[in-house]
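Protein chains in written order, with my numbering: chain A, 225 to 439; chain B, 293 to 502.
One structure below.
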């Protein structure tokens with residue numbers, strides 16, 4: 225699994241344009257919303273949690289669509305089925321690399337986002353933890369959808385259409401967590417962690433059978 | 293290598309629900325080199341994919357050393373297909389090393405690069421190489437992923453004379469080492485012991501009997 229993880233991280237490093245789309249999309253949504261509000265900029269701090277979640281869902285969903293597709297098209301997926309390592313581990317390694325490569329910058333952008341939305345600087349840690357946990361849940365969900373739609377033409381559009389409704393629970397709990405800044409440990413955080421923990425084995429098992437079925 | 297055999301028992305092969313090959317019974321032993329021939333669309337590639345376990349057989353059985361071959365069987369046959377399994381956005385070394393590592397054969401990495409004359413090209417991005425050199429990079433898997441059975445679908449594509457010679461030598465060595473090779477190829481295959489399965493003729497004969 226670690227070989228797959230390091231190989232995938234190297235892939236993102238050498239093909240940074242793939243990640244730049246994701247970051248660019250994320251930042252653009254954040255920048256465009258304040259422009260649309262114009263004179264009601266005082267609403268911005270209250271809207272911040274919802275906007276952050278929509279940006280995370282859209283950018284991660286878009287980025288994950290090609291996660292398995294590119295290996296299926298190049299024939300690498302056929303080879304992964306011929307090695308002693310289980311396909312579940314391959315899926316796990318690919319997801320983990322994707323999560324690390326997308327979640328880290330989204331967390332690093334947080335101070336800038338906090339300032340952009342006029343939120344108190346003391347909320348940075350709270351927002352970073354919330355975004356990291358939410359990205360965890362959404363990246364697993366998005367990877368699951370990507371592996372289910374493997375081999376499908378125009379998978380990108382289909383996977384975003386599937387992701388957005390399925391990610392609604394994460395968005396509801398996640399934005400509520402961002403609003404309750406009085407303590408770091410909140411039940412909403414626990415929900416997002418439980419959601420991730422529940423989905424991770426499903427991703428590995430269902431992912432392996434979807435890949436085999438797509439040959 | 294220990295005893296090595298591959299049996300196709302009344303094998304039926306289908307693609308997208310359409311039956312291409314039926315009633316194929318054939319036994320291969322260690323040291324056999326079989327050339328699969330047939331018209332375009334006769335099912336050559338699908339036959340290889342089926343034996344590789346990538347496509348389930350529509351009927352019949354495939355036995356490796358007497359036990360049914362499934363896509364979980366180890367050691368798995370090595371399938372070299374039309375899709376080359378290369379990551380063009382990465383370097384030659386990245387592409388070769390991945391397969392040496394995941395099969396626990398990291399020590400074969402240098403030998404594989406050296407055999408296909410790729411020394412010094414390790415850090416070159418794959419998309420800057422010509423199709424023939426990319427093919428050589430893909431063929432390094434024959435060294436880094438040892439398997440008892442090789443299923444090669446057009447392995448000679450894009451290769452120049454030298455590359456072809458390297459591949460032929462590799463195939464001959466494998467055959468002498470008791471390996472089993474099934475391949476499709478438009479290029480001439482040298483060797484005294486080449487056997488031939490012609491799918492188109494086999495299926496036509498079957499039609500006449502019916």
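Just so you know, even glycine gets a beta-carbon here, dropped at the ideal spot from N, CA and C.
Decide if residue i is buried, meaning its Cβ has at least 16 other Cβ atoms within 10 Å, or exposed.
i                     : result
residue 319 (chain B) : exposed
residue 264 (chain A) : exposed
residue 339 (chain A) : exposed
residue 240 (chain A) : exposed
residue 358 (chain A) : buried
residue 391 (chain A) : buried
residue 232 (chain A) : buried
residue 440 (chain B) : buried
residue 395 (chain B) : buried
residue 345 (chain A) : exposed
residue 267 (chain A) : exposed
residue 335 (chain A) : exposed
residue 337 (chain B) : buried
residue 445 (chain B) : buried
residue 345 (chain B) : buried
residue 442 (chain B) : buried
residue 588 (chain B) : It is not possible to answer for residue 588 (chain B), since the shown part of chain B is limited to 293 through 502.
residue 383 (chain A) : buried
residue 282 (chain A) : buried
residue 262 (chain A) : exposed
residue 300 (chain B) : buried
residue 237 (chain A) : exposed
residue 295 (chain A) : buried
residue 313 (chain B) : buried
residue 341 (chain B) : buried
Short check: CB of residue i to CB of residue j, under 7 Å?
i                     : j                     : result
residue 447 (chain B) : residue 372 (chain B) : yes
residue 335 (chain B) : residue 384 (chain B) : no
residue 309 (chain A) : residue 435 (chain A) : no
residue 353 (chain B) : residue 360 (chain B) : yes
residue 424 (chain B) : residue 452 (chain B) : yes
residue 315 (chain B) : residue 296 (chain B) : no
residue 332 (chain A) : residue 420 (chain A) : no
residue 392 (chain B) : residue 400 (chain B) : yes
residue 363 (chain A) : residue 427 (chain A) : no
residue 426 (chain B) : residue 378 (chain B) : yes
residue 273 (chain A) : residue 399 (chain A) : yes
residue 309 (chain B) : residue 491 (chain B) : no
residue 342 (chain A) : residue 229 (chain A) : no
residue 432 (chain B) : residue 388 (chain B) : yes
residue 396 (chain A) : residue 355 (chain A) : no
residue 249 (chain A) : residue 374 (chain A) : no
residue 254 (chain A) : residue 348 (chain A) : no
residue 439 (chain A) : residue 467 (chain B) : no
What are the boundary residues of the beta strand (DSSP E) that includes residue i?
i                     : result
residue 487 (chain B) : 486-490
residue 350 (chain B) : Premise fails: residue 350 (chain B) is in no beta strand (DSSP E) and is neither H nor E.
residue 325 (chain B) : 325-329
residue 565 (chain B) : This structure cannot settle anything about residue 565 (chain B), because the visible part of chain B is limited to 293 through 502.
residue 237 (chain A) : Element bounds for residue 237 (chain A): not the beta strand (DSSP E) but the alpha helix (DSSP H), 226-238.
residue 475 (chain B) : 472-476
residue 370 (chain B) : 370-372
Hey, how far is the Cα of residue i from the Cα of residue j?
i                     : j                     : result
residue 311 (chain B) : residue 350 (chain B) : 8 Å
residue 246 (chain A) : residue 343 (chain B) : 40 Å
residue 327 (chain A) : residue 435 (chain B) : 38 Å
residue 375 (chain B) : residue 225 (chain A) : 24 Å
residue 402 (chain A) : residue 386 (chain A) : 25 Å
residue 306 (chain A) : residue 370 (chain B) : 7 Å
residue 449 (chain B) : residue 430 (chain B) : 11 Å
residue 370 (chain A) : residue 243 (chain A) : 16 Å
residue 298 (chain B) : residue 322 (chain B) : 8 Å
residue 380 (chain A) : residue 464 (chain B) : 45 Å
residue 455 (chain B) : residue 414 (chain B) : 18 Å
residue 339 (chain B) : residue 497 (chain B) : 18 Å
residue 406 (chain A) : residue 270 (chain A) : 15 Å
residue 459 (chain B) : residue 469 (chain B) : 15 Å
residue 256 (chain A) : residue 353 (chain A) : 24 Å
residue 397 (chain B) : residue 367 (chain B) : 14 Å
residue 259 (chain A) : residue 431 (chain A) : 41 Å
Examine chain D for any beta-carbon lying closer than 7 Å to the beta-carbon of residue i, and answer yes or no.
i                     : result
residue 368 (chain B) : The structure shown contains no chain D; the protein chains it does contain are A and B.
Could you spell out the range, first to last residue, of the alpha helix (DSSP H) harbouring residue i?
i                     : result
residue 432 (chain A) : 411-437
residue 413 (chain B) : Unbroken run through residue 413 (chain B): none, as it is neither H nor E.
residue 345 (chain A) : Counting along the chain, residue 345 (chain A) falls outside any alpha helix (DSSP H), and DSSP gives it neither H nor E.
residue 310 (chain B) : Counting along the chain, residue 310 (chain B) falls outside any alpha helix (DSSP H), though it belongs to the beta strand (DSSP E) covering 310-321.
residue 304 (chain B) : Careful: residue 304 (chain B) lies outside any alpha helix (DSSP H), inside the beta strand (DSSP E) at 297-307.
residue 196 (chain A) : No information on residue 196 (chain A) is available, as it lies outside the stretch 225 to 439 that chain A covers here.
residue 465 (chain B) : 453-468
residue 301 (chain A) : 300-304
* For the region 313-324 of chain A against the region 287-298 of chain A, are there 3 or more C-beta pairs whose distance is under 8 Å? -> With a cut-off of 8 Å, the region 287-298 of chain A and the region 313-324 of chain A count as touching, because enough Cβ pairs lie within range.
* Asked: Using 8 Å as the Cβ pair cut-off and three pairs as the minimum, do the region 318-332 of chain B and the region 468-479 of chain B touch?
  -> Cβ pair count under 8 Å is three or more, so yes.
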